[in-house]
Structure formats: structure tokens, C-alpha cells
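See below for the structure under consideration.
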């Protein structure tokens, strides 16, 4: 294939926009991290099938499961935000709607993620009634 | 050109432009189904995070909220949502592994792409069944 880039440009590995690969790369990194995290999350939820409040609360409040669930939540919402933003960018043609939806998705992921984190922390610090 | 000039004053009669293949006229193939369902399952999982958030909030809130939510999840509609969430997660994970494999530059041949798509579907169903069998065993066969 013909090379139209200068050697320096090739080494830097950036296109004309100078960025734009960040979300692609982070989507892959978070995807890899989510394989073990999702398996742990599903195993955890299976183990808690039909569990009483006391059992589930103490399990979720334990440092090991608490941290693993927090990692799943953080990486998962990050991955979700990248993916849904890509879908909106692909299919929504109307600029105002596109940016409105992207902002809504970002805020939604942030809000839901914070609600999850707050819940796990509350259980970790043992203030659940 | 002669035809358009003959109808002077009227808009030239245009043949309808060919449409690019889209969902309604494209023949369904397993690779295409996997691609469409990867995005759909991703959006579905996004909606499913509402359920996870509600569960964690209810758990942190106390036994009363937790009991109410568990009651809802035990209903047929709740179970259907959980089943959908399980399958979406398993399919998105299996097909995501397929995408990561593609990222290494391999598996783009049509026979390979077809085989891995079928494997992703089969894997997602198998894993979903495994999860639910384990869950019912732990719950004690309710």
C-alpha cells in the first residue's frame, strides 16, 4: 500500500484530527476488563438468588465483593457510555437531537453509576437499617 | 437530455435512485444478525442497569424496599426481565470476545465470520441456561 504519511506522522500514529482513537481504545480496554468482572458479577448474583436482606446486604458490604462490584459498576457504566454515544453518533442525523441525547446519556450513566456506588458504600459502612 | 427538454417548465422525470441495502430489503444472515443484536443487546443492557441500580438502592434502603423489589423480580414479568438481561449480557460478552478477536486482524474470512457468529449465539444460550439452572438450584427449585 502506498504511504502518503510522512515518517514522523506514521510514528506519531495520529490522523488529521490528531485524536479520536481514545474512545475506540478505551472501549476495547474496558471490554477486556468486563469479561472477568461480568463473570464475577453474574456468579455473585446467582449466589444471591432469593437471598434474605441480611445475607445480601452483608455480602455486598464485605470488602472483597464490594470492591469487585464497584469495579464492575465503574467499568461497566464507562463502557456503556462509550457504546451508546457511538450508536447515537451513527444513527441520529439531527445535530441538536444528537448532542442532546449524548449529553443525556452521559448524565444518565453518571447519575446511575453514582447511585450504585453510593448504595454499595452505604452497605460497606454498615449504615443500612 | 432530450426527454427533459421536451417537458419544458416541468421538473425532469427522474428514475428513483437505487437505495443502499438496509434492514428491510437485506437478506438476513447470521453475521448481520450478530452485528445488529450486539448493538441491541448493548442498549438493552443499558436499560437493564436501571434494574441493577434499583436493586442496589433497595438493598441499601432496607429490608422493606428490598422485599418489595424481590417480590417484583420473582413475578413472571420480573423473571422475564432478568432472563432478557442474562441473555443480553451473555450474548454481548460472547460477541464482544468475537470483536476482540477481530481486533487482532484475524477471522474476517466469510466461513470464519459465520462460524464465530454461530458460536457466539450458541455460547450465549448455553451460558444463559447454565446461569439459570445454577440460580434455580441455589434457590431450591422454586
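Protein chains in written order, with the working numbering: chain U, 1 to 129; chain Z, 1 to 142. From the three backbone atoms N, C-alpha and C, an ideal C-beta is built for every residue, glycine too.
A straight-line Cα-Cα distance of about 29 Å links residue 132/Z and residue 29/U.
Cβ-Cβ separation between residue 93/Z and residue 38/U: approximately 6 Å, consistent with a contact (criterion under 8 Å). Contact of residue 60/U with chain Z is assigned, a C-beta pair being separated by under 8 Å. Nearest in C-alpha terms to residue 105/U, of all of 115/U, 90/U, 84/U and 117/U, is 84/U. Residue 53/Z sits away from residue 80/U, with the two beta carbons spaced by 8 Å or more. Residue contact with chain Z for residue 40/U: absent (no Cβ-Cβ distance below 8 Å to any residue of chain Z). Taken through DSSP and simplified to helix, strand or coil, residue 96/Z comes out as helix. Taking C-beta atoms as the reference points, residue 44/U and residue 65/U count as a pair closer than 8 Å.
Two segments are said to touch when three or more pairs of C-beta atoms, one from each, lie closer than 8 Å; by this definition the region 96-114 of chain U does not touch the region 53-61 of chain U. In the displayed model, residue 79/Z falls within a helix according to three-state DSSP. Look at residue 19/U here: in three-state DSSP terms it is coil, with no helix or strand label. The criterion of a C-beta distance shorter than 8 Å is satisfied by residue 41/Z and residue 88/Z. In the DSSP annotation of this structure, the continuous segment of the alpha helix (DSSP H) that includes residue 43/Z starts and ends at 30-61. Three or more Cβ pairs drawn from the region 116-131 of chain Z and the region 94-101 of chain Z lie within less than 8 Å of each other, which places the two stretches in contact. Put simply, the CB of residue 87/U is near chain Z, with a gap under 8 Å to one of its CB atoms. Straight-line spacing of the CA atoms in residue 117/U and residue 70/U works out to 6 Å. Secondary structure at residue 99/U: helix, using DSSP grouped into helix, strand and coil. Excluding the 5 residues flanking it on each side, residue 37/Z has same chain C-beta neighbours closer than 8 Å at 91 and 95, in chain order.
Bounds of the alpha helix (DSSP H) holding residue 81/U are 63-91. Between residue 87/U and residue 106/Z, the CB-CB gap reaches or exceeds 8 Å.
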